[in-house]
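Residue numbers (full-length UniProt numbering): 1 to 82. Cβ coordinates follow ideal geometry from the N, Cα and C atoms, glycine included. Quick caveat, the model's predicted, so the values are computed rather than measured.
Structure representation (structure tokens):
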């Protein structure tokens with residue numbers, strides 16, 4: 001199964017991190033660390049969601065695959081029942 005992820009869509013931009021950290025007045029090193037943590041978390045969620053999709057022998061990731069992936073990482077997303 002081929003998974004397409006554009007590098008631009010996979011990274012958290014500098015602008016996004018600045019906007020997110022504006023209230024905290026975070027330093028550049030803190031922003032870099034936050035970016036790495038967010039990218040790692042996003043990569044793990046995508047990996048788990050794709051794994052659920054492959055196990056179901058589908059080519060499309062559904063919202064429930066993402067919910068299951070978040071639940072597996074103990075991050076509950078309310079509003080979805082499973």
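Whether residue i touches residue j by CB criterion (8 angstroms)
| i | j | result |
| --- | --- | --- |
| residue 69 | residue 48 | yes |
Local conformation of residue i per DSSP, three classes
| i | result |
| --- | --- |
| residue 61 | coil |
| residue 70 | helix |
| residue 49 | helix |
| residue 79 | coil |
Selected residue, minimal CA-CA separation from residue i, among the options
| i | options | result |
| --- | --- | --- |
| residue 81 | 67, 75, 44, 50 | 67 |
| residue 79 | 72, 63, 73 | 63 |
| residue 72 | 57, 58, 51, 32 | 51 |
Whole-number beta carbon distance between residue j and residue i, since they are thought to touch under 8 angstroms
| i | j | result |
| --- | --- | --- |
| residue 53 | residue 61 | 5 angstroms |
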